[in-house]
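Enquirer: My questions will all concern the structure given below.
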């Protein structure tokens, strides 16, 4: 054996790299008939495209399902836009689909994609240009056909949600020749009516039926409108240029009415609930404040000067009673001591002595006679007895010795 030997993995990786570097295979449109179509539980769609000469395996992952506006089935003629790449594990190549359209829409679809890219590059889809939809619109302009399900749905939902909202209809032609100009006139005229929001749309249909909403003039009229615009074109799976330019996209006219018309009755119920909640909260707050006031009132009454004075008076009265008791006790004790002293003094009192037969003698000058040497014979003396005084003279003085 000569030359290099490669593993299967290396060969598959090399082939995958060749596919990746091929610009045409990265952005390719393939037309064919759908066969072996399977919708997997994961959301992926596996199918094959075939023509009279061969088949190619295809897959559309769940994340790309936005590029499919219909349900695929066997035998449909479709145009698939995507990338051809190698699945290394099996060594087979397949078409990874990003968008799928029914054949016959191909030319219009290419025009749609071209205008979409052009307007996107001009910034007409940029979120910073989107105007906020009024939450409580009172005047709503509607650009749609005067007959048909779209206007009936809008009127029914508006009447159910808010009977006070005013709908102003511009009866536009939404399909066929002249539809583009009619829609533009409707947008411009209702803008002058000082409406709060505009709904521009119609019911669903084929790409040909919806084409008026893919025209550049309609897109520019929506972009330049000073009033916020809600697009409501087709069913949920239909997307138009108007949807990208509008300030808000609704999947259906009914959904547009839901978005534009605030629910008056629900708001009324909410206000009632808020009122009841506010009332309950206020009652609880008042009850709490009343309890707190009563607590402060009790505390204040406890600290009131009158209470303080009453307490002081009571303490003063108690102190006065204690003082009186102590004074009486002291007086009693003093009285007892005085009586004792009196008894003692009585025991020492000359008058007491006198009552026992003793006498108290004074000289004529009033001095107490304690000795014979204080008086001479014939001198006047005073003798005190229990019931009076005797005036006398010393007749004779005798000295006596005791002991």
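In the working numbering, the protein residues as written are 1127 to 1529.
Where a beta carbon is used, it is the ideal one built from N, C-alpha and C, also for glycine.
Keep in mind that this is a model prediction, so the values were computed, not measured.
1. With distances taken between CB atoms, is the gap from residue 1174 to residue 1167 smaller than 8 Å?
2. For the beta strand (DSSP E) that residue 1220 lies in, which residues bound it at each end?
3. Checking 8 Å against the spacing of the C-beta atoms, do residue 1359 and residue 1311 come in under that value?
4. Does the Cβ-Cβ distance between residue 1523 and residue 1507 come in under 8 Å?
5. If you follow the alpha helix (DSSP H) that residue 1156 is in, where does it begin and where does it stop?
6. Cβ of residue 1245 within 8 Å of Cβ of residue 1367?
7. Residues in the same chain with beta-carbon distance under 7 Å from residue 1250, minus the five sequence neighbours each way, listed in chain order, please.
8. According to DSSP, what are the bridge partners of residue 1296?
9. Report the residue from 1160, 1262, 1219, 1468 whose alpha carbon sits nearest the alpha carbon of residue 1139.
10. Please state whether DSSP places residue 1202 in a helix, a strand or coil.
11. State yes or no: is the C-beta of residue 1187 within less than 8 Å of the C-beta of residue 1170?
12. Check each candidate in 1148, 1299, 1320, 1352 and name the one with the smallest Cα separation from residue 1339.
13. Can you tell me whether residue 1343 is buried or exposed, with buried defined as 16 or more other CB within 10 angstroms of its CB?
14. Hey, residue 1226 and residue 1210: beta-carbon distance below 8 Å or not?
15. Suppose you measure from the CA of residue 1484 to the CA of residue 1457; what does that come to, to the nearest Å?
16. So residue 1506 is in the alpha helix (DSSP H); what residue range does that whole segment cover?
17. If you count every other CB in all the chains shown that lies within 10 Å of the CB of residue 1468, and 16 or more means buried, which is it?
18. Excluding the five sequence neighbours on either side, which residues of its own chain have a C-beta within less than 6 Å of the C-beta of residue 1374, listed in chain order?
19. What do you reckon, are the CB atoms on residue 1265 and residue 1322 nearer than 8 Å?
20. Can you check whether the C-beta of residue 1507 is within less than 8 Å of a C-beta belonging to chain B?
21. To the nearest angstrom, how far is the alpha carbon of residue 1314 from that of residue 1304?
22. Around the C-beta of residue 1143, are 16 or more other C-beta atoms found within 10 angstroms, so that it is buried, or is it exposed?
23. So what does DSSP say about residue 1179, is it helix, strand or coil?
24. Under three-state DSSP, which class holds residue 1113?
25. Using 8 Å as the Cβ pair cut-off and three pairs as the minimum, do the region 1275-1286 and the region 1383-1391 touch?
26. Given residue 1151, which residues of its chain have a CB within under 7 Å of its CB, disregarding the five upstream and five downstream residues?
27. Using only alpha-carbon positions, find the residue among 1216, 1460, 1333, 1185 that is nearest to residue 1236.
28. What does DSSP give as the partner residues of residue 1211 in its beta bridges?
29. Looking at the unbroken alpha helix (DSSP H) that takes in residue 1345, where does it start and where does it end?
30. Distance, Cα to Cα, residue 1293 vs residue 1337?
31. Can you tell me where the alpha helix (DSSP H) holding residue 1398 begins and where it ends?
32. What are the start and end residues of the alpha helix (DSSP H) that includes residue 1287?
Expert: If we stick to the structure as given:
1. Within the chain shown, numbered from 1, the residue matching residue 1174 stands at position 48. Within the chain shown, numbered from 1, the residue matching residue 1167 stands at position 41. No, Cβ-Cβ distance for residue 1174 and residue 1167 is not below 8 Å.
2. As a working mapping, residue 1220 is identified with position 94 in the chain shown. From DSSP, the beta strand (DSSP E) with residue 1220 extends over 1218-1228.
3. Within the chain shown, residue 1359 is the residue found at index 233, counting from 1. Within the chain shown, residue 1311 is the residue found at index 185, counting from 1. Cβ distance not < 8 Å, so residue 1359 and residue 1311 don't count as in contact.
4. Stepping through the chain shown from its first residue, residue 1523 is reached at position 397. Stepping through the chain shown from its first residue, residue 1507 is reached at position 381. Not closer than 8 Å, so no.
5. Walking along the chain shown from the start, residue 1156 turns up at place 30. First-last for residue 1156: 1154-1165, but that is the beta strand (DSSP E), not the alpha helix (DSSP H).
6. Here residue 1245 refers to the residue found at position 119 of the chain shown. Here residue 1367 refers to the residue found at position 241 of the chain shown. Residue 1367 is positioned such that its CB atom lies closer than 8 Å to that of residue 1245.
7. Reading the chain shown from its first residue, position 124 is the one you call residue 1250. 1345, 1349, 1371.
8. Position 170 of the chain shown holds residue 1296. Per the DSSP secondary-structure output, residue 1296 pairs in a beta bridge with 1269.
9. As a working note, residue 1139 is residue 13 in the chain shown. Ranking 1160, 1262, 1219, 1468 by Cα distance to residue 1139 puts 1219 first.
10. In the chain shown, residue 1202 corresponds to position 76, counting from 1. Looking at residue 1202 - three-state DSSP - the assignment turns out to be coil, as it is neither helix nor strand.
11. Translated into the one-based positions of the chain shown, residue 1187 becomes position 61. Translated into the one-based positions of the chain shown, residue 1170 becomes position 44. Contact: yes.
12. Counted from its first residue, the chain shown places residue 1339 at position 213. If we check each option's Cα against that of residue 1339, 1299 comes out closest.
13. Residue mapping note: residue 1343 aligns to position 217 of the chain shown, counting from 1. Result: exposed.
14. Within the chain shown, residue 1226 is the residue found at index 100, counting from 1. Within the chain shown, residue 1210 is the residue found at index 84, counting from 1. No; because the gap between Cβ atoms is not below 8 Å, this pair is not in contact.
15. Locating residue 1484 in the chain shown gives position 358, counting from the first residue. Locating residue 1457 in the chain shown gives position 331, counting from the first residue. Residue 1484 and residue 1457: Cα-Cα distance of roughly 36 Å.
16. As a working note, residue 1506 is residue 380 in the chain shown. Per DSSP, residue 1506 belongs to no alpha helix (DSSP H); it is in the beta strand (DSSP E), 1506-1511.
17. Walking along the chain shown from the start, residue 1468 turns up at place 342. By the neighbour-count definition (other C-beta atoms within 10 Å, threshold 16), residue 1468 is an exposed residue.
18. As a working mapping, residue 1374 is identified with position 248 in the chain shown. Cβ within range, chain order: 1259, 1356.
19. Indexing the chain shown from 1 puts residue 1265 at position 139. Indexing the chain shown from 1 puts residue 1322 at position 196. Result yes, Cβ atoms of residue 1265 and residue 1322 sit closer than 8 Å.
20. Looking for chain B here will not work: only one protein chain is present.
21. Looking up residue 1314 in the chain shown gives position 188. Looking up residue 1304 in the chain shown gives position 178. Whole-angstrom Cα-Cα distance: 16 Å.
22. As a first step, residue 1143 is located in the chain shown; it is residue number 17 there, counting from the start. The residue is exposed, with fewer than 16 neighbouring Cβ atoms inside 10 Å.
23. Indexing the chain shown from 1 puts residue 1179 at position 53. Coil at residue 1179, not helix or strand.
24. Because the chain spans 1127 through 1529 in this model, residue 1113 falls outside it and cannot be assessed.
25. yes
26. Mapped onto the chain shown, residue 1151 falls at position 25. The residues are 1145, 1209, 1210.
27. On the chain shown, residue 1236 is found 110 positions in, with the first residue counted as 1. Cα-wise, what sits closest to residue 1236 is 1333.
28. Translated into positions along the chain shown, residue 1211 becomes position 85. In the DSSP output, where bridge partners are listed per residue, residue 1211 has 1220.
29. The count along the chain shown starts at 1 and reaches residue 1345 at position 219. Element bounds for residue 1345: 1342-1350.
30. Your numbering for residue 1293 matches position 167 in the chain shown. Your numbering for residue 1337 matches position 211 in the chain shown. Taking the straight line joining both Cα atoms gives about 26 Å.
31. For the purposes of this step, residue 1398 is identified with residue 272 of the chain shown, where counting begins at 1. Bounds of the alpha helix (DSSP H) holding residue 1398 are 1390-1428.
32. As a position in the chain shown, residue 1287 is number 161, starting the count at 1. In the DSSP assignment, residue 1287 falls within the alpha helix (DSSP H) that extends over 1275-1287.
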